[in-house]
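Structure first, then comments.
Structural data, given as structure tokens:
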């Protein structure tokens, strides 16, 4: 595919077009993935997550500068709809973004949710593959850190940074919703604000109590930053590199890759199966059954069983008639 | 099923046991749903969502008191892992909870995520059915309002309350992540705090600019509350009742029911299909393909195609041999 060839030769526009293609999905997107996939596996994928208002976009910006100064190329994928990288930017954000986006070694892209459940996780996973094949050394994926699909996206990273900040209601609450367990590095941003010490010690206490990322020999560091002034960003960048080194040495990088492959396959299979089902069953049966469920004449599980029975009969018919069966 | 009979006769313990059964899922849970489903469709399901720290649990508590004083029975399902209803309660929360939970007309339950993707939305949907069949007039579902699965859960409500509060970072950010569009009622809680007016006017401006719930003749009201002192809760309860009346008059209640039935069927089908696939394909093929994907020898879409081909062949074999086919 010409677009993939251009990507592999370092064409930025091709990278941008391919990410757009991944947002939309479909057969051409898949063909592109099949072609570029053998060229992936090089990038270090870093998830950056935390509640709105923690300043994680500013941190991502500072980290990008850090990685660039260490000679690395950088990709940024903003899944967070509140991120300035995704559009809704204040003036200071816009200026920072402009500085980044004029740098050839930095590629910034936001991902939009196209409504379809699970679509965002797929699109983001495929966008990471594009930037990986494009040769980016470090790919940062920024998400708001709540919700299953966000956790799913961030779990696809090699290294997860969870950003907290004082003054966001109860500090412990902000970090609790499924994020604590997946953090490899904690950042307490806005460390010059009241309550930063308390946030820091709360995290430290939780780590002391044995909660954490589950890696046997990796205790997540807690790093204080004032991202708006760039303070602490170098320490975070170092921790990111140390974590990668740890993953390689411990063999955990290998284990993570296997787990991620399984999760991705599972997601694709679920989507494919449902699409095929919609093709096979008749629209009238679908409409009739949903009407019966809505009117409490039929429970949804029984309706599902009935649709599945039809589906499997059609599949059997297709396989018998289509000549595709080897059995 | 004896448990369902007891539920329908008003046995609280049966309700609690059935919700636990729904958390776990499985064939007995489905059988129970099939039996109790014809007795559902009576309850008004109210989603209450907002960032951690907005005080939505306190608001839910005050709303429960309001609905009770209007002669209604109440169910509360806390999906928010940071909610005091889910356990991690401060002293004031615990006292409030105790007062609620000793009232026969209030049933409180938290839902835990059992890890499985999409599992929480299914379990919550089924728990709502249990409390609906149990005869609860108003069922409030409390979730942290970010993330696709949370939005999915809250979309299953007839009426969605989005709670905001001043001082949570950028006010507009807090409300942006997919929640603005699904709100039927806005609450600005902690209205005695600095910045409450700004939060209020920001929401008002966004509504004026034509963003909103998409119902043609319903403009979401914005209600100021100080939930800790019970202030404003009566107004919110009234708005909830007005919204239900609007849904009934406009016919939108009917449209929503159909849409929700479709979404639920789709979720169940996706899960069922994947489970069946795992049964049909051999463990070795699954392991081999995931290894090849992890090692970049095979892209995930091609791997999925290969697994699906095997799956459909097995299905065809099962249908031909099992005698279940009518075609």
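Chains as they are written, first to last, in this note's numbering: chain A, 30 to 356; chain B, 30 to 356.
No residue lacks a Cβ here, since even glycine has one placed at the ideal position from N, Cα and C.
About 38 Å separates the CB atoms of residue 333 of chain A and residue 236 of chain B; that is not less than 8 Å, and the two are not in contact. For the C-beta of residue 322 of chain B, the chain A residues within less than 8 Å are, from N- to C-terminus, 290, 293 and 294.
Residue 47 of chain B and residue 155 of chain B have their C-alpha atoms roughly 9 Å apart. When B:337, B:72 and B:55 are compared, the shortest CA-CA separation from residue 188 of chain B is found for B:72. For residue 229 of chain B and residue 212 of chain B, the gap between their C-alpha atoms comes out near 14 Å.
Taking 7 Å as the cut-off between beta carbons, the residues of the segment 54-70 of chain A near chain B are 59, 62, 63, 66, 67, 69 and 70, in sequence order. Counted as a single uninterrupted DSSP element, the beta strand (DSSP E) harbouring residue 139 of chain B occupies residues 135-139.
Beyond the five residues adjoining it in sequence on each side, residue 183 of chain A comes within less than 6 Å, by CB distance, of 76, 78, 172 and 189 in the same chain, given in chain order.
By the Cβ-count criterion, residue 181 of chain A is buried, with 16 or more other Cβ atoms from all chains shown falling within 10 Å of its own Cβ.
As the crow flies, the alpha-carbon of residue 210 of chain B is around 30 Å from that of residue 186 of chain A.
Per DSSP, residue 162 of chain B lies in no beta strand (DSSP E) segment; the continuous alpha helix (DSSP H) that holds it begins and ends at 148-162. Taking C-beta atoms as the reference points, residue 194 of chain A and residue 83 of chain A count as a pair closer than 8 Å. Distance check between residue 218 of chain B and each of B:70, B:246 and B:258 places B:258 closest, using alpha-carbon atoms only. For residue 255 of chain A, the CB contacts under 6 Å within the same chain, skipping 5 residues up- and downstream, are 220 and 221 in chain order. DSSP lists A:75 and A:105 as the bridge partner or partners of residue 169 of chain A. Residues of chain A whose Cβ lies closer than 7 Å to the Cβ of residue 328 of chain B are, in chain order, 62, 63 and 66.
Residue 125 of chain B has a beta carbon lying at 8 Å or more from every beta carbon in chain A. In this structure, the alpha-carbon of residue 35 of chain A lies about 26 Å from that of residue 321 of chain B. Annotated as distal: residue 330 of chain A and residue 325 of chain B, with beta-carbon spacing of 8 Å or more. Close to chain A, meaning a Cβ-Cβ distance shorter than 7 Å, are the following residues of the segment 296-309 of chain B: 297, 298, 299, 301, 302, 303 and 306. Contact fails between the segment 290-310 of chain B and the segment 155-165 of chain B, because fewer than three Cβ pairs, one in each stretch, are under 8 Å apart. Per DSSP, reduced to three states, the secondary structure at residue 254 of chain B is coil, with no helix or strand assignment. For residue 344 of chain A, the nearest CB of chain B lies under 8 Å from its own CB, placing it at the interface with that chain. Of all alpha-carbon atoms in B:225, B:97 and B:132, the one lying nearest the alpha-carbon of residue 266 of chain B is that of B:97. Contact with chain B is absent for residue 230 of chain A, since none of that chain's Cβ atoms lies less than 8 Å from the residue's Cβ.
Around the beta-carbon of residue 272 of chain A, 16 or more other beta-carbon atoms lie within 10 Å, marking it buried. The three-state reading of DSSP puts residue 284 of chain A in helix, counting H, G and I together. Under DSSP, the beta-bridge partners assigned to residue 260 of chain A are A:255. Residue 274 of chain A is positioned such that its CB atom lies no closer than 8 Å to that of residue 349 of chain B. Following the DSSP letters along the chain, one finds residue 319 of chain B in no beta strand (DSSP E) but inside the alpha helix (DSSP H) bounded by residues 312-323.
Of all residues in the segment 66-95 of chain A, only 66, 67, 68, 69, 70, 80, 81, 82, 83 and 84 come within less than 9 Å of chain B when Cβ atoms are compared, listed by chain position. Boundaries of the beta strand (DSSP E) around residue 215 of chain B: 214-217. Residues 48 and 106 of the same chain have their beta carbon placed closer than 6 Å to that of residue 138 of chain B, with the five preceding and five following residues left out of the count. Using a CB distance below 7 Å, the part of the segment 147-171 of chain B facing chain A consists of 149, ordered along the chain. Residue state for residue 83 of chain A is assigned as coil, using DSSP reduced to three classes. Here the alpha carbons of residue 323 of chain B and residue 289 of chain A stand approximately 8 Å from one another.
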